[in-house]
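Under my numbering, the final residue of the sequence shown carries the number 426; numbering is consecutive throughout. Only one structure is covered here, and it is reproduced in the block below.
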Amino acid sequence: MDRHLWIIRGGDRLEGEVRVPGAKNAVLPALAAALLTPERCVLRQVPDITDVRIMVEILETLGARVEVAGDVHGLALAVEARDLPHHRVPPDKMERVRSSSFLLGPLLARVGRATLFSPGGCDLGPRPIDLHVKGLRAMGARIDTEDGGVQAQVDRLHGAQIHLDYPSVGATENLMLAGVLAEGTTVIINAAREPEIVDLGILLDRMGAHVRGAGTSTIRIEGVARLAGTEHTVIPDRIVTGTLVLAAVMTRGDLRLRGVIPDHVRSLLMNLGGEGVHIEAGEDWIRVRARGRLAPVRLRTLPYPGFPTDLQAPLVAALTLADGSSRVRETIFTRRFAHVEPLIRMGASIEVKGDELFVAGVRALRGTTVEARDLRAGAALVLAGLAAEGETVIRGGEQIDRGYAALDRLLQSLGAKVSVKARESA
Ligand code: UD1
1 MDRHLWIIRG
11 GDRLEGEVRV
21 PGAKNAVLPA
31 LAAALLTPER
41 CVLRQVPDIT
51 DVRIMVEILE
61 TLGARVEVAG
71 DVHGLALAVE
81 ARDLPHHRVP
91 PDKMERVRSS
101 SFLLGPLLAR
111 VGRATLFSPG
121 GCDLGPRPID
131 LHVKGLRAMG
141 ARIDTEDGGV
151 QAQVDRLHGA
161 QIHLDYPSVG
171 ATENLMLAGV
181 LAEGTTVIIN
191 AAREPEIVDL
201 GILLDRMGAH
211 VRGAGTSTIR
221 IEGVARLAGT
231 EHTVIPDRIV
241 TGTLVLAAVM
251 TRGDLRLRGV
261 IPDHVRSLLM
271 NLGGEGVHIE
281 AGEDWIRVRA
291 RGRLAPVRLR
301 TLPYPGFPTD
311 LQAPLVAALT
321 LADGSSRVRE
331 TIFTRRFAHV
341 EPLIRMGASI
351 EVKGDELFVA
361 GVRALRGTTV
371 EARDLRAGAA
381 LVLAGLAAEG
391 ETVIRGGEQI
401 DRGYAALDRL
411 LQSLGAKVSV
421 KARESA
């Protein structure tokens with residue numbers, strides 16, 4: 001269903017307890033990893049989101065069999081890539097899940113060929129993959145990036161020492177996925193250290209790989225000849241966790257999150273202060289109780305363990321109601337500010353200066369009709385809608401379903417007045 005329109009009647013406190021689903025950014029590379037073996041891989045606690053559904057379609061187009069079953073904690077996906085007769089990722093799907101670029105590594109490792117295509121002839125959408133390509137070339141792949149697509153070929157990948165100019169999450173994952181079946185040792189220097197990289201390392205080791213150092217800036221991989229099937233439960237989604245924490249703060253709620261890893265959202269929790277904002281965390285839970293306004297912050301987005309770019313928009317939504325003026329600098333993606341204009345339309349006071357946002361806290365936001373132009377901007381607008389006076393209508397709500405599993409139902413269970421409609425009935 002095309003869940004286009006979100007209607008939120010703001011002003012209710014979020015109260016209650018929820019379990020956070022598995023991480024989108026851990027599941028997507030895990031699905032790519034499942035292509036590395038002819039045996040069956042089962043992934044659990046998979047969030048039912050559009051990006052996962054499209055990635056599953058991509059695996060099927062490549063020739064893998066995927067069984068999807070549901071359980072209370074999310075989906076269980078069983079992937080069996082007995083052989084991979086196709087190596088071309090269809091352009092329409094590639095465009096919809098941009099991070100599907102990390103299929104390059106597994107396809108090269110498993111079948112020695114990969115074709116990824118970008119419609120419109122630009123550099124694979126707004127996200128360059130030069131670091132991925134450079135690393136795979138160092139491992140012996142012949143890669144042609146003419147016409148906005150990528151054609152790659154290799155007899156067998158060999159290990160290499162690769163220094164990433166930037167700790168790219170996707171490039172690190174792609175090179176890990178390539179390295180596990182390469183001949184010899186691969187060393188990734190200046191690797192990304194995100195928790196999703198650690199999770200991928202654990203999964204690959206369970207499949208029989210030798211990955212050391214995932215989660216540090218040097219990852220060392222001893223290639224093996226083959227990998228086996230396994231079962232793996234993906235880590236909880238730290239961005240969903242952070243979004244819900246901010247929702248509780250904004251609505252002056254009382255929320256308990258279960259099944260989380262508080263350490264993964266430390267950079268957010270550390271920045272949430274203010275009179276009446278109480279946050280407690282245990283081994284696998286977080287409780288947020290908010291009675292007053294959030295204190296303003298000054299921070300910038302950074303690679304992990306710094307403040308995540310994916311929480312920048314939700315944080316800015318919360319800061320629009322803070323008790324003072326905040327400064328937030330986006331250093332990971334250029335002008336990731338799709339949330340700013342709609343938030344201003346809702347009464348926020350935000351000024352953009354280069355890569356920095358200056359947010360002056362206001363007393364209240366008011367509901368109006370706004371457009372979600374990307375996933376995290378969509379989440380920011382939901383938060384704003386929950387706290388705003390009156391009714392907020394968000395168009396482009398399908399963006400939210402890309403990364404948040406049934407967020408409307410989850411929020412309803414906490415007392416929010418949210419409904420979602422398909423485009424036809426809009
Ligand atoms: C992943 C996450 C995304 C998150 C991002 C940064 C997934 C599926 N997505 O995206 O949610 O926002 O990490 O934490 O895990 N870059 C290059 N050349 C490259 C690769 C990246 O210049 O070859 C640049 C990008 O343009 C960007 C920065 O490096 O400015 C970070 O990108 P990267 O860490 O690769 O993000 P993704 O893996 O695409």
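No residue lacks a Cβ here, since even glycine has one placed at the ideal position from N, Cα and C. Here the structure is a predicted model, which means the values were calculated and not measured.
By the Cβ-count criterion, Arg402 is buried, with 16 or more other Cβ atoms from all chains shown falling within 10 Å of its own Cβ. It is roughly 15 Å from the alpha-carbon of Ala360 to the alpha-carbon of Ala313. The closest CA to that of Ser326, considering only Met94, Thr334, Val352, is found on Val352. Taking each of Arg226, Gly347, Val234 in turn and checking the Cα distance to Pro106, the smallest one comes out for Arg226.
Residue Arg113 holds the alpha-carbon nearest to the alpha-carbon of Asp144 among Ala160, Arg113, Ser168, His158. The residue from His163, Ala247, Val89 with its alpha-carbon nearest to that of Gly149 is Val89. In this structure the region 234-253 lies against the region 17-30, because at least three pairs of beta carbons, one per stretch, are closer than 8 Å.
Per DSSP, reduced to three states, the secondary structure at Ala422 is coil, with no helix or strand assignment. Spanning the alpha carbons of Glu173 and Thr216 requires a straight line of approximately 13 Å.
Residue ranges of uninterrupted alpha helix (DSSP H) with 4 or more members, entirely inside the region 133-214 and ordered along the chain, are 169-179, 195-206. Looking at the DSSP output, Val234 shares a beta bridge with no other residue. Look at the region 341-400 and you find these whole runs of alpha helix (DSSP H), each 4 residues long or longer: 375-387. Residue pairing by DSSP places Leu77 opposite Leu43, Val68 in a beta bridge. Boundaries of the beta strand (DSSP E) harbouring Val277: 277-281, taken from the DSSP string.
In the structure shown, Ile129 falls within a coil segment according to DSSP collapsed to helix, strand and coil. In the three-state reduction of the DSSP assignment, Gly242 falls in the helix class. Judged by DSSP in its simplified three-state form, Phe102 adopts helix. A direct Cα-to-Cα measurement between Ala372 and Arg156 gives close to 44 Å.
For Ala290, the enclosing beta strand (DSSP E) has its first and last residue at 285-290. DSSP, reduced to helix, strand and coil, places Val27 within a helical segment of the structure shown. Cα atoms of Ala422 and Val68: separation of roughly 24 Å, rounded to the nearest angstrom. Around the Cβ of Tyr166, a 10 Å sphere holds fewer than 16 other Cβ atoms; the residue is exposed.
If the five residues before and after Glu183 are omitted, its C-beta is found closer than 6 Å to the C-beta atoms of Arg156, His158, Gly223, all from its own chain and listed in chain order. Pairing Leu383 with Leu410, the inter-Cα distance amounts to about 13 Å.
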